[in-house]
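Just below is one structure, and these are the notes that go with it.
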């Protein structure tokens, strides 16, 4: 129940373990081509350009940043945790002049504050973290996409902990890049960076005055490959991670079979129910308001008197694995529970029981059955 | 029988398909730590710093290039094919002043020509391709390592098509970086960039005057992670490709169980025998001399009158898959056969038969049994 790598479907794992084909085998070209096509459906970006590249979620951030940034470009980073800070660091590497609008811990940056900056007319790019895995804070992408369109600023949605879990309608919302990694709500073991890029962002890249500063990330290397595979033609720049792409085809198929609206609703229901159970145990959360709380993971705060080490030790004798805190300034004040992908109600019930028992072992007791009752009422 | 992805051991594929653990699970920390330790043994670099990073072989080239190059640095690229040219392009991206010593097609660059350049005393870095996958040309790394030491120039061995197949004694030979990808002689599905870096090269990186221009590639992000996992401590920068690393642990174990010397000898024997069979069929090779011929793959030239498309079509009705030409200037004059990793004699016999039958279908006949006899005599 950590926020990635999540547990993967047996069919996905079978694709992982199946004999590796050539990267130009007809069956693999079909897998790759289908995966690109299905990404457009999952991202809801019918005219977007998908990229599937071997690497981590940070590589996906790097690809977006390096291709759209030229020295001297002004970038606005809307930061709601650890990964916003990372994006600011990364963009500076490419010569961007970065302004960070940093939310208070557990809070979000107001749209007014964002608009005040964009109104200055100097920004080329804005980045925001849809769900920051370090804080479980959820940001509403829709009005940010609208502000981006209004002021002619490109918007990058870091969706590592959101794509295929939280609601995203990339094209309708005017988001220029939505990026993620394979091991979260996409449901594939770690090793793939995934992005869908708008026509406007591709155009901005085509009109660059300087070469992309990062060789591996350069769309100039990868775009012909993505176009070739989608046209079911063999092509080569770097050898694709064959088994991961085969697994991606399976997982995207499962996601589309569930249906995006069903999937978003299921994640909302799961998140709401889990938060209700956590609240019934008397625990607070890192997100300051229910409306900022992500549905892909929850970041409960330890109640007074519970020592993190003792709690995590107690948890380790249950069947449920959770993650510790990640944001340096509050690292020892909270823990994190992922509930994305194929997590079902029985997983959530087990998790709530494990947390309840572990808290009790640390001296924090809640009313008998209160958490499970709260969970069931909201599910 | 393509030069990567090769066929992988069933035990490696079981690790690929096993349930994905957390990247900080004790069992995974042990897998990662053991893999780093075993890389030093496979590379024969007892004091080298290993890196395991999600990405392709080109990312491994990029990591080496980006970390060691600062704007204005002079770099000598010794090119024996497509991948030498790629390295020159890549290094220019980081502001290097690149001089390319380009071998004639199928030839190598003489040590004299390399020494004339290094003697100028202006170079910081030299790169060479141990085996260029586009030409099957093998370069002897030992004297290049010695020249590097003599003139104080760092040496990068692009070993994508050689590490764990061709003989490399990295530290003794004074090679500063030996890099590869997982899907070739290392025997793991594609998706990992692997490097071992000398103390001298790490020191050069530590003394940089400018930040590494590529964020994802920056050793500043990855070195603490590699050190932590080797000390069996959890750490995080990007989520490691858990299943690929688990598979790497299995494959490195199999490689060390065979023994490096046995493995090098087996690859030499296989390469020699396959080339003998190819010669007995009346086919030339892209490498101009036997001593330049790689043992991990062979690049036979089509005999007069055999059309590439017709040959590859005939091959496609056999059980053996080979690869077409890759070097643009001679793309239609040759094909490529990989014989690295766990390829055994029976695979080679099948391949020789398939090539013989396919050539016959294109009107090129050789003496009955000649190729197999030549193969068996050399094996």
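Chains as they are written, first to last, in the working numbering: chain E, 1063 to 1441; chain X, 1063 to 1441.
Beta carbons: idealized from backbone N, C-alpha and C, even for Gly.
Model, not experiment: these values are computed from the prediction.
- When the Cβ atoms of the stretch 1357-1369 of chain E are set against those of the stretch 1257-1270 of chain E, are three or more pairs found closer than 8 Å? no
- Message: So if I threshold CB-CB distances at 9 Å, which residues from the stretch 1290-1301 of chain X count as touching chain E?
- Response: 1298, 1299, 1300 and 1301
- Query: Can you list, in chain order, the residues of the stretch 1259-1293 of chain X whose Cβ is nearer than 9 Å to any Cβ on chain E?
  - Reply: 1273, 1274, 1275, 1276, 1277, 1278, 1279, 1280 and 1283
- Item | Which listed residue (X/1245, X/1295 and X/1108) has its alpha carbon closest to that of residue 1232 of chain X | X/1108
- Item | Cβ-based neighbour list, residue 1302 of chain E, same chain, cut-off 6 Å, excluding 5 preceding and 5 following | 1085
- Buried or exposed: residue 1178 of chain E, going by 16 or more other Cβ atoms within 10 Å of its Cβ? exposed
- Would you kindly work out how many angstroms separate the C-alpha atoms of residue 1089 of chain X and residue 1400 of chain X, rounded to a whole number? 34 Å
- Going by DSSP, name the residue or residues bridged to residue 1360 of chain X. X/1399
- Listed from N- to C-terminal order along the chain, which residues in the stretch 1107-1126 of chain E have their beta-carbon within a distance smaller than 7 Å of any beta-carbon of chain X? 1116, 1117, 1118, 1119, 1120, 1121 and 1124
- Delimiting residues of the beta strand (DSSP E) encompassing residue 1159 of chain E: 1159-1164
- Where residue 1434 of chain X and residue 1414 of chain X are concerned, what is the direct C-alpha to C-alpha distance, given to the nearest angstrom? 7 Å
- If you run the structure through DSSP and keep just helix, strand and coil, what is residue 1240 of chain X? strand
- Query: If we ignore side chains and look at the alpha-carbon of each, how far apart do residue 1182 of chain X and residue 1245 of chain E end up?
  - Reply: 50 Å
- Task: Run the CB neighbour count on residue 1294 of chain X, radius 10 Å, all protein chains shown included, and call it buried at 16 or more, exposed below.
- Result: exposed
- Message: On the DSSP letters alone, give me the boundaries of the alpha helix (DSSP H) that residue 1181 of chain X sits inside.
- Response: 1173-1181
- Item | Per-residue contacts from residue 1084 of chain X into chain C (C-beta, under 7 Å) | Going by chain labels, chain C is absent from the structure shown, which instead holds the protein chains E and X.
- Item | Exposure label - residue 1184 of chain E; buried when at least 16 CB within 10 Å | exposed
- Task: Check whether the stretch 1121-1136 of chain X touches the stretch 1243-1262 of chain X, counting contact only when three or more Cβ pairs, one atom from each stretch, lie closer than 8 Å.
- Result: yes
- Message: What does the alpha-carbon distance come out to for the pair residue 1322 of chain E and residue 1410 of chain E?
- Response: 21 Å
- Taking all protein chains shown into account, decide if residue 1376 of chain X is buried (16 or more other Cβ within 10 angstroms of its Cβ) or exposed. buried
- Task: Could you tell me whether the stretch 1132-1152 of chain E touches the stretch 1312-1328 of chain X, where touching means 3 or more Cβ pairs closer than 8 Å?
- Result: no
- Determine whether the Cβ of residue 1194 of chain E lies closer than 9 Å to any Cβ atom of chain X. no
- Item | Secondary structure of residue 1355 of chain E, DSSP reduced to three states | strand
- So what does residue 1139 of chain X bridge to, in DSSP terms? X/1162 and X/1189
- Message: Give me, in chain order, the residues of the same chain whose beta-carbon lies closer than 7 Å to that of residue 1261 of chain X; leave out the 5 immediate sequence neighbours on both sides.
- Response: 1109
- Is the stretch 1224-1238 of chain E touching the stretch 1067-1085 of chain E, taking contact as three or more C-beta pairs under 8 Å? no
- Message: By alpha-carbon positions, which one of E/1380, E/1407, E/1130 and E/1386 ends up nearest to residue 1417 of chain E?
- Response: E/1380
- Item | Residues near residue 1076 of chain E in its chain [Cβ-Cβ closer than 6 Å; skip 5 each side] | none
- Run down chain E in chain order and give the residues with a C-beta less than 9 Å from the C-beta of residue 1252 of chain X. 1082, 1085, 1116, 1300, 1301, 1302, 1303, 1304, 1305 and 1306
- Message: Across the stretch 1338-1355 of chain X and the stretch 1191-1198 of chain X, are there enough close Cβ pairs to call them in contact, namely three or more that are closer than 8 Å?
- Response: yes
- Task: Find the residues of chain X that neighbour residue 1245 of chain E, judging by a C-beta separation of less than 7 Å, and give them in chain order.
- Result: 1301
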